[in-house]
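**Q**
Residue numbers (full-length UniProt numbering): 1 to 396.
This is how it looks when you write it as structure tokens:
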């Protein structure tokens, strides 16, 4: 496989659903033109595009890009739940790695609605999370909260029962990420919270409160990928961020074999994807400087610490309280504010992680810059299920 580099990224602000009057082609155009401008590459150089979204109609990728340019290139529409944006990135990388293209585009976007998130009034006989529901119903009563919130809220209950993880430790994740977002002008929320404020916020499910849950958001993000030959041709060495390794995995039988909600919400996928990616890159997690991970709920950041190997099993609550995952610690996790504070427009999330980490590795993250960041990791998770872990290296 050929080496692949990200040479341009762009994203819109992530905003509360319906708060900005824009069409999805307008939001995509804003992100794509930003990425192309960052790369100094015209749309006519793009040979293939992967466009990710969850709730828009079929072939929305073509319509989203037609206002940027109608060049006749292959456009592939991608839907992999919350891992959609990173799955689009996987396709764009594989096309270059396999020699099928030299310049590709990965795009993710979402205009979310309360109705789409609530699902149909009459649930279908078959859903994408049948196994998750069966396992949860065997151990927990159903509540009034959205189903995904119940999955993760019950995982938080299990984590507390098994390891002694406290509500304060869960809330510390939200305190950290909301504090990080005060430095991010593109984040949906830019206000700091105290521990007491997070704990006293509106209860959602189990120990989770509202400020520990990612919001519904609108937004788009994009990345331009090129081969090593194009980096040299265009003299982009100073901004070329290499994709060192990348793994896309789905659930295996272990997700449902243990009866654990922690496993049901993706811990085995994260362990598998991160282990393979780190092995392929020939590095350890201790060599990673900055991480953007899928904190859809505060508990998932703690679960992901353990699955990535930042700490031992059950050690994540103490890890976040120690300051090891913020500025001055061993890693800076979610400097963007993460999904909890930056926002979570489903199709755009994975590529927003790409944008943040490329800015970090290029030294362009302004007030939230991680000092001397050289290696970065992105973790993007979708229930039902998919997990993408990507390792990046900064320009040499």
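For every residue, glycine included, the Cβ atom is placed at its ideal position computed from N, Cα and C.
Tell me the rounded alpha-carbon separation between residue 181 and residue 331.
**A** Approximately 17 Å, taken between the alpha carbons.
**Q** Please report the straight-line C-alpha distance between residue 340 and residue 79, rounded to a whole angstrom.
**A** Near 22 Å, if we compare the C-alpha coordinates of residue 79 and residue 340.
**Q** My understanding is that residue 104 touches residue 48, with C-beta atoms under 8 Å, so please give their C-beta distance in whole angstroms.
**A** Indeed they touch by this definition, with Cβ atoms about 5 Å apart.
**Q** Could you give the first and the last residue of the continuous alpha helix (DSSP H) run that contains residue 79?
**A** Taken as a continuous stretch (DSSP letters only), residue 79 belongs to no alpha helix (DSSP H), as it is neither H nor E.
**Q** Return yes when the Cβ of residue 354 is within less than 8 Å of the Cβ of residue 220, no when it is not.
**A** Cβ atoms of residue 220 and residue 354: not closer than 8 Å.
**Q** Could you check if residue 247 is buried or exposed, using at least 16 other CB atoms within 10 Å of its CB as the buried criterion?
**A** With 16 or more Cβ atoms within 10 Å of its Cβ, residue 247 is classed as buried.
**Q** Output the boundary residues of the alpha helix (DSSP H) element that contains residue 358.
**A** Start and end: 349 to 361.
**Q** Does residue 48 come out as helix, strand or coil in the three-state DSSP assignment?
**A** Residue 48 falls in the strand class under three-state DSSP.
**Q** If the criterion is Cβ atoms closer than 8 Å, does the pair residue 222 and residue 98 meet it?
**A** Result no, Cβ atoms of residue 222 and residue 98 do not sit closer than 8 Å.
**Q** Within the continuous beta strand (DSSP E) that includes residue 376, where are the two ends?
**A** Start and end: 375 to 382.
**Q** Given this structure, state the Cα-to-Cα distance separating residue 388 from residue 238, to the nearest angstrom.
**A** Whole-angstrom Cα-Cα distance: 26 Å.
**Q** Quick check on this structure: which residue in 107, 157, 66 and 55 has the alpha carbon closest to the alpha carbon of residue 114?
**A** The residue with the shortest Cα to Cα distance from residue 114 is 55.
**Q** With three or more beta-carbon pairs closer than 8 Å as the criterion, would you say the region 262 to 277 touches the region 145 to 156?
**A** Verdict: yes, contact present.
**Q** If contacts are defined as beta-carbon pairs under 8 Å, then residue 66 and residue 244 qualify, I think. What distance do you get, rounded to the angstrom?
**A** Their Cβ separation, rounded to whole angstroms, is 34 Å, which puts residue 66 and residue 244 out of contact at 8 Å.
**Q** Whole angstroms is fine: what's the gap from residue 3's alpha carbon to residue 204's?
**A** Roughly 45 Å separates the two Cα atoms.
**Q** Any chance the region 332 to 351 sits against the region 288 to 303, with 3 or more Cβ pairs inside 8 Å?
**A** Yes, the region 332 to 351 touches the region 288 to 303.
**Q** Pairs of beta-carbons, one from the region 287 to 294 and one from the region 315 to 334, closer than 8 Å: are there three or more?
**A** Output reads yes: the region 315 to 334 touches the region 287 to 294.
**Q** So, at 7 Å on beta carbons, what are the nonlocal neighbours of residue 131 in its own chain, with the 5 sequence-adjacent residues on each side left out?
**A** Excluding sequence neighbours, residue 131 sits near 256.
**Q** Do residue 175 and residue 107 have their C-beta atoms within less than 8 Å of each other?
**A** In this structure, residue 107 does not lie closer than 8 Å to residue 175 by Cβ.
**Q** Using the rule of at least 16 other Cβ atoms within 10 Å of the residue's Cβ for burial, across every protein chain shown, is residue 134 buried or exposed?
**A** Residue 134 should be labelled exposed.
**Q** Buried or exposed: where does residue 195 fall if 16 or more other Cβ atoms within 10 Å of its Cβ makes it buried?
**A** When all chains shown are included, residue 195 counts as exposed.
**Q** Tell me the rounded alpha-carbon separation between residue 191 and residue 229.
**A** Each residue's alpha carbon lies about 44 Å from the other.
**Q** For the candidate residues 126, 209, 358 and 188, whose alpha-carbon lies nearest to that of residue 402?
**A** There is simply no residue 402 to check, as the chain begins at 1 and stops at 396 in what is shown.
**Q** Closest by CA to residue 285, which one among 274, 295 and 356?
**A** Selected option, being the one with the closest Cα: 274.
**Q** Residues in the same chain with beta-carbon distance under 8 Å from residue 403, minus the five sequence neighbours each way, listed in chain order, please.
**A** Residue 403 lies beyond the range of the chain shown here (1 to 396); nothing can be said about it.
**Q** Is the distance from the Cβ of residue 347 to the Cβ of residue 269 below 8 Å?
**A** Cβ distance not < 8 Å, so residue 347 and residue 269 don't count as in contact.
**Q** Taking the alpha carbon of residue 309 as the reference point, which residue from 272, 280 and 382 has its own alpha carbon closest?
**A** The shortest C-alpha separation from residue 309 is found at 272.
**Q** Could you check if residue 202 is buried or exposed, using at least 16 other CB atoms within 10 Å of its CB as the buried criterion?
**A** With fewer than 16 Cβ atoms within 10 Å of its Cβ, residue 202 is classed as exposed.
**Q** State the DSSP-derived secondary structure class of residue 340, mapped to helix, strand or coil.
**A** If DSSP states are grouped into helix, strand and coil, residue 340 belongs with the helices.
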